[in-house]
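Following: one structure in structure tokens, then a few remarks.
Number of protein chains: 2
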Amino acid sequence: MGDKVNRQWRLKSRPVGMPTRENFDWTEESVAEIKDGQVLIRNLYFSFDPTQRGWMAGPTYLPAIEIGEVMRAGAVGQVIESKNPGFEAGDFVNGGLGWQDSCIEDGTGPMGLQKIPPGVPIPMAMSVMGLTGVTAYFGMLDVAEPKEGDTVVVSGAAGATGSIAAQIAKIKGARVIGIAGGPDKCAWLKEVAGLDAVIDYKNENIGEALDKHCPKGINVYFDNVGGEILNECLARLALNARIAVCGAIASYNDETPPPGPSNYMNLVIMRSKMEGFLVLDYLDRFGEAAMQLGQWVMSGDIKFQVDIQEGIENAPETFTRLFTGKNLGKQLLRVAEAPLGGETPMPAG
Amino acid sequence: MGDKVNRQWRLKSRPVGMPTRENFDWTEESVAEIKDGQVLIRNLYFSFDPTQRGWMAGPTYLPAIEIGEVMRAGAVGQVIESKNPGFEAGDFVNGGLGWQDSCIEDGTGPMGLQKIPPGVPIPMAMSVMGLTGVTAYFGMLDVAEPKEGDTVVVSGAAGATGSIAAQIAKIKGARVIGIAGGPDKCAWLKEVAGLDAVIDYKNENIGEALDKHCPKGINVYFDNVGGEILNECLARLALNARIAVCGAIASYNDETPPPGPSNYMNLVIMRSKMEGFLVLDYLDRFGEAAMQLGQWVMSGDIKFQVDIQEGIENAPETFTRLFTGKNLGKQLLRVAEAPLGGETPMPAG
Numbered sequence: 000m001g002d003k004v005n006r007q008w009r010l011k012s013r014p015v016g017m018p019t020r021e022n023f024d025w026t027e028e029s030v031a032e033i034k035d036g037q038v039l040i041r042n043l044y045f046s047f048d049p050t051q052r053g054w055m056a057g058p059t060y061l062p063a064i065e066i067g068e069v070m071r072a073g074a075v076g077q078v079i080e081s082k083n084p085g086f087e088a089g090d091f092v093n094g095g096l097g098w099q100d101s102c103i104e105d106g107t108g109p110m111g112l113q114k115i116p117p118g119v120p121i122p123m124a125m126s127v128m129g130l131t132g133v134t135a136y137f138g139m140l141d142v143a144e145p146k147e148g149d150t151v152v153v154s155g156a157a158g159a160t161g162s163i164a165a166q167i168a169k170i171k172g173a174r175v176i177g178i179a180g181g182p183d184k185c186a187w188l189k190e191v192a193g194l195d196a197v198i199d200y201k202n203e204n205i206g207e208a209l210d211k212h213c214p215k216g217i218n219v220y221f222d223n224v225g226g227e228i229l230n231e232c233l234a235r236l237a238l239n240a241r242i243a244v245c246g247a248i249a250s251y252n253d254e255t256p257p258p259g260p261s262n263y264m265n266l267v268i269m270r271s272k273m274e275g276f277l278v279l280d281y282l283d284r285f286g287e288a289a290m291q292l293g294q295w296v297m298s299g300d301i302k303f304q305v306d307i308q309e310g311i312e313n314a315p316e317t318f319t320r321l322f323t324g325k326n327l328g329k330q331l332l333r334v335a336e337a338p339l340g341g342e343t344p345m346p347a348g
Numbered sequence: 000m001g002d003k004v005n006r007q008w009r010l011k012s013r014p015v016g017m018p019t020r021e022n023f024d025w026t027e028e029s030v031a032e033i034k035d036g037q038v039l040i041r042n043l044y045f046s047f048d049p050t051q052r053g054w055m056a057g058p059t060y061l062p063a064i065e066i067g068e069v070m071r072a073g074a075v076g077q078v079i080e081s082k083n084p085g086f087e088a089g090d091f092v093n094g095g096l097g098w099q100d101s102c103i104e105d106g107t108g109p110m111g112l113q114k115i116p117p118g119v120p121i122p123m124a125m126s127v128m129g130l131t132g133v134t135a136y137f138g139m140l141d142v143a144e145p146k147e148g149d150t151v152v153v154s155g156a157a158g159a160t161g162s163i164a165a166q167i168a169k170i171k172g173a174r175v176i177g178i179a180g181g182p183d184k185c186a187w188l189k190e191v192a193g194l195d196a197v198i199d200y201k202n203e204n205i206g207e208a209l210d211k212h213c214p215k216g217i218n219v220y221f222d223n224v225g226g227e228i229l230n231e232c233l234a235r236l237a238l239n240a241r242i243a244v245c246g247a248i249a250s251y252n253d254e255t256p257p258p259g260p261s262n263y264m265n266l267v268i269m270r271s272k273m274e275g276f277l278v279l280d281y282l283d284r285f286g287e288a289a290m291q292l293g294q295w296v297m298s299g300d301i302k303f304q305v306d307i308q309e310g311i312e313n314a315p316e317t318f319t320r321l322f323t324g325k326n327l328g329k330q331l332l333r334v335a336e337a338p339l340g341g342e343t344p345m346p347a348g
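Residue numbers (numbering that gives the first Met the number 0), protein chains in the order written: chain A, 0 to 348; chain B, 0 to 348.
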């Protein structure tokens, strides 16, 4: 495969505001030979995650993506050649493979290289049983800790993490209110995911809707969006409430830092806490979470959606879908069929 | 005492910005006869606390002070007549006695009525062994939980709560940096209270000073002030940091809600929490805290300051000292000598 071409999207400039195609360079290079310890992977699906916007901007919990570097992204591919005893040709692997056709890896990068268990469809491994599902699992169960009868509010509730977080709270016996944008997402949350109430932030006054659906205040707020919704939830905390801060997609593209939540002093009045977390801290318990999430999918307690776009040339535009709220559930991009076959199909429905 | 006059400060209007004398009415009325279960108390010292500004504005964790109501305040007085078997004439009692010469109480109000143990000087019972000291005790030990070697930052560090919180963190083996306004307060913190470093926010760039004194980041921030200092501390959190939110005096007089802390997303990056607390939740453990604090004073591990102004006519102006930062340590106002005697003098020095 030394003469084959590897097409890549590289970071050209740090975005100001919404990332666009202009922030990336399209490059093509030959695929190199692998050395001992390495594997050659054909990338099949890219994962799109709001946190990538932070990696493009500067150092966060990971170093910044350097200008000229292949765009960092979670992705799943198939091993097509291996000089690493841990992997063999045909394996499906998940890691920080980046926006490119193929990738040479030894599994020591910050996102590692994990085999996808046989029989698990790749889109499921990349969503409910992947980092976003596991983020929901630990954020809800370890940080937010909903109790039976609690009123739980989840923003970004139709997203890859929010939708799973909301359903985990339901499983734990909470009353769950989801906040999402637009009637399609809200209908899915109410009718398919079975939430108790839904707020369409694009068409409803958030404060009034929260007053209506949370008459006893909010015991748990799982925050994916930050901004005004966080502030409105802070204003309605119940005593000893927990806010699990997962993200703040509302402001990731702001050119100046947005104002913080002016109602944060309600944390004192209601003796409440606001806690940030990162799924990277729970990687040693990834298996536990993925297995439980898979069982909940099998039992029908958790529904999930994947939004699969097509074609490596569309990677930048697929990324912007996250910030315009176009994605229904986990955003993926299919870039190739498995060259060695063996992919498990998604279950019907 | 039925023909004696009780001079009172009543709330006339809710303050806009800094509270002034114009927000209060001076009234005089006769002292009533007490009924069974009640005691008549001669007030001796008023306590001044930033939280009173919130009570004046509207409902918080306590109902708002009503217009026309005697200004709610912690105070210590001497029982001069009792029809309550729990109290006898001569007792010194602490409670929500209000800005007035005398007060009839049965001990069932939201602030209760606690006897001051014999031998404890009243200013000590109202500061380091009172609500502000106990607030520092539980906020630092139960919420912030400093560990040996941690870098702990305390704002409002020369205040009644901050000064005790900072010294408790020292006792627990932390490196403690105090933030206060002006050279006098900073000198006291460094030379008397023994903090490791002090930042004079009136004369230093807070961000640069924090960078200098917290090269490994901040493990614990005990926040009395909110505003820009909170935001600068959020920008410098160490991993798994704890922010104990005690107050936000920087903004209590703002006419519009101040912007929240725009750096709050660092809670996610550093997997940290920001937690509010109120001493009212710990009243059942008040005795434990007061006893420990008293022992630390006796052993010399904790130093404290009280700032005692004189005369009930000066209550409004004494209150504003809190917000202009004039007070050195706990702000009190002496309004009378104990009519039945028996007050324990403050220790020398």
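Think of the CB as a built atom: it goes at the ideal place given N, C-alpha and C, for glycine as much as any other residue.
Check	Outcome
Residue-level contact to chain E via CB, Asp280(B), 8 Å cutoff	Checking the listed chains, one finds no chain E in this structure; the protein chains it contains are A and B.
Start and end residues, beta strand (DSSP E) containing Gln77(A)	Ala74 to Ser81
Contact with chain B by Val267(A), beta-carbon distance below 8 Å	yes
Endpoints, the alpha helix (DSSP H) within which Arg52(B) is located	Thr50 to Ala56
Three CB pairs or more closer than 8 Å across the segment 83–97 of chain B and the segment 311–318 of chain B	no
CB contact below 8 Å: Glu274(B) versus chain A	yes
For Ala192(A) and Gln330(B), the rounded distance between their alpha carbons	56 Å
Where Val15(B) falls: helix, strand or coil (DSSP)	coil
The segment 59–92 of chain A: positions lying closer than 9 Å to chain B by Cβ	Thr59 and Tyr60
Closest Cα partner of Asn370(A) within the set Ala179(A), Phe221(A) and Lys189(A)	With chain A covering 0 to 348 only, the question about residue 370(A) has no answer from this structure.
Val334(B) classed as buried or exposed, judged by whether at least 16 other C-beta atoms fall within 10 angstroms	buried
Interface positions of the segment 206–225 of chain A facing chain B (Cβ-Cβ less than 8 Å), listed along the chain	Gly225
Coarse secondary structure for Leu277(A), derived from DSSP in three states	coil
Outcome for Thr323(A) when other beta-carbon atoms lying within 10 angstroms are tallied against a minimum of 16	exposed
Same chain, Cβ closer than 8 Å to Arg270(A), neighbours up to 5 away in sequence not counted	Leu238 and Asn239
As assigned by DSSP and simplified to three states, the class of Asp210(A)	helix
Cα-Cα separation, Leu279(A) to Gly73(A)	13 Å
Asn22(A) classed as buried or exposed, judged by whether at least 16 other C-beta atoms fall within 10 angstroms	buried
Closest residue to Met245(B) among Pro258(A), Asn265(A) and Arg235(A) (Cα-Cα distance)	In the sequence under discussion, the amino acid at residue 245(B) is Cys, which differs from the Met named in the question. Ranking Pro258(A), Asn265(A) and Arg235(A) by Cα distance to Cys245(B) puts Asn265(A) first.
6 Å Cβ shell around Gly1(A) - same chain, five flanking residues per side excluded	With a pLDDT of 45 at Gly1(A), under the threshold of 50, the predicted position of this residue should be treated as unreliable, though the coordinate-derived value follows. Once the five neighbours on either side are set aside, the close Cβ partners of Gly1(A) are Glu32.
Under the three-state DSSP convention, the category Gln308(B) falls into	strand
Test: Met264(B) CB closer than 8 Å to a CB of chain A	yes
Three-state secondary structure (DSSP) of Lys184(B)	helix
CB contact below 8 Å: Pro257(B) versus chain A	yes
Touch test, the segment 1–13 of chain B against the segment 23–42 of chain B, Cβ-Cβ under 8 Å, three pairs minimum	yes
Local conformation of Gly1(B) per DSSP, three classes	Confidence in Gly1(B) is poor, its pLDDT being 46 and thus under 50, which makes the residue's placement unreliable; the coordinate value appears in the next sentence. Note: Gly1(B) maps to coil in three-state DSSP.
Range of the contiguous beta strand (DSSP E) that encloses Leu238(A)	Leu236 to Val244
Proximity test, Cβ basis, 8 Å: Leu277(A) and chain B	yes
Which of helix, strand or coil DSSP assigns to Val119(B)	coil
Nearest-angstrom beta carbon gap, Tyr220(A) and Gly53(A) [assumed within contact, 8 Å]	Not a contact, Cβ separation roughly 21 Å.
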